[in-house]
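Quick note on UniProt numbering: the sequence shown kicks off at 1 and runs consecutively.
Positions of the beta carbon are idealized from the N, C-alpha and C atoms, including for glycine.
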Amino acid sequence: MDWSHLSTKLFSVVYYRFFLKHCYLCRQPSSSTLCTWCQPLLDTKDDRCSGCGTKGEFLSLCGKCQSSKRPWQSCLVATDYESTNSHLIRAAKFHNQHHYFRIYSDILAQKICEHYGEHLPTHWATVPSHINRVRERGKCSNDIVYKTLKQSLYHTIELNKPINRLYLKKQIHTAPQHQQTRTRRLAIPSSLFQCPEQIQGHVALIDDVMTTGSTLEACTHSLLKAGASRVDVWVFARTPASL
Ligand SMILES: [Zn+2]
Ligand SMILES: [Zn+2]
């Protein structure tokens, strides 16, 4: 018996049946995180580059990703990190309003099901925080991102295989990404992250927000080095290309 599989599934059933009764934005009665009026406020369309996730009408990859390919195979994005989304994600990440993550995890879970059908990645990894950051904040926000997405996915489809979670390690304590300049964010060494175990299989790498993508690139390199046959990136939100 896989108890973590069972407990996540039970938690999802209880949460969606008994607690999720109102829209997260307007508080009108709703059986999903957003009511039918608020849903169109978030642009969740999939006209994006499959490499960097930026919006645009591309056949598959934008010009930038065609000339310099990303190390992952595909990238799924729930929505853009702007206006309402940036406020809600910041509230979830920095002000303990974790329930707002569920708006994005539900959208992403839907896209994951459409993209993979029953052939989901066998392993899931998140971008790790250095242990000093976790101590400072008293929590690891990507751990919450992981759990929320897992619950949304259990609610969306019948998962018949357990998910193997991978724990990457961040070698050095660096300033948070949102406090760094774009040049510094782009200069992340690929050795900053390490995967402490050997992997055989397809990995989904999860993060809340993708800005330049350089952190995700460094994590992807460490997963490929550890033996991953393929890495895909899943993010709640992508910053528009100009930011
Ligand atoms: Zn609403
Ligand atoms: Zn691109």
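Residue i, enclosing beta strand (DSSP E) - first and last residue
i: I206; result: G201 to M210
i: V235; result: A228 to R238
i: V127; result: Taken as a continuous stretch (DSSP letters only), V127 belongs to no beta strand (DSSP E), as it is neither H nor E.
Residues near residue i by beta carbon distance below 6 angstroms, same chain, minus five either side
i: C65; result: C49, G51 and C52
i: V233; result: W72, C75, L205 and L216
i: D47; result: E57
i: I107; result: T44 and A78
Cβ shell of residue i (< 8 angstroms), same chain only, five flanking positions each side left out
i: P71; result: E217, T220, H221, L224 and V231
i: H123; result: I163, N164, R165, L166, I199, G201, H202, V203, A204 and A228
i: C62; result: C49, G51, C52, T54 and G56
Beta-carbon proximity list for residue i, same chain, < 7 angstroms, skipping 5 on both sides
i: H170; result: First, the residue type needs correcting, since residue 170 is Lys and not His in the sequence shown. So the qualifying residues of the chain are P128, S129, H130, L192 and F193.
i: Q97; result: A91
i: Y81; result: I89, V209, A237, R238 and T239
i: P29; result: K21 and H22
Closer than 7 angstroms: residue i CB and nearest ligand 1 heavy atom
i: S30; result: yes
i: L25; result: yes
i: L34; result: yes
i: C38; result: yes
Beta-bridge pairing of residue i - partner residues as DSSP gives them
i: L166; result: A125
i: Q194; result: K169
i: H22; result: P29
i: R48; result: K55
Cβ-heavy atom distance, residue i to ligand 2, below 7 angstroms
i: K45; result: no
i: T212; result: no
i: K64; result: yes
i: L59; result: no
i: G227; result: no
i: T239; result: no
i: G51; result: yes
Inter-residue CB distance, residue i and residue j (contact presumed, cutoff 8 angstroms)
i: T79; j: Y104; result: 7 angstroms
i: L168; j: C140; result: That belief does not hold up - the Cβ atoms of L168 and C140 are roughly 12 angstroms apart, past 8 angstroms.
i: I144; j: F101; result: 6 angstroms
Range covered by the alpha helix (DSSP H) that runs through residue i
i: C75; result: Per DSSP, C75 belongs to no alpha helix (DSSP H); it is in the beta strand (DSSP E), S74 to D80.
i: G63; result: G63 to S67
i: H155; result: S141 to T156
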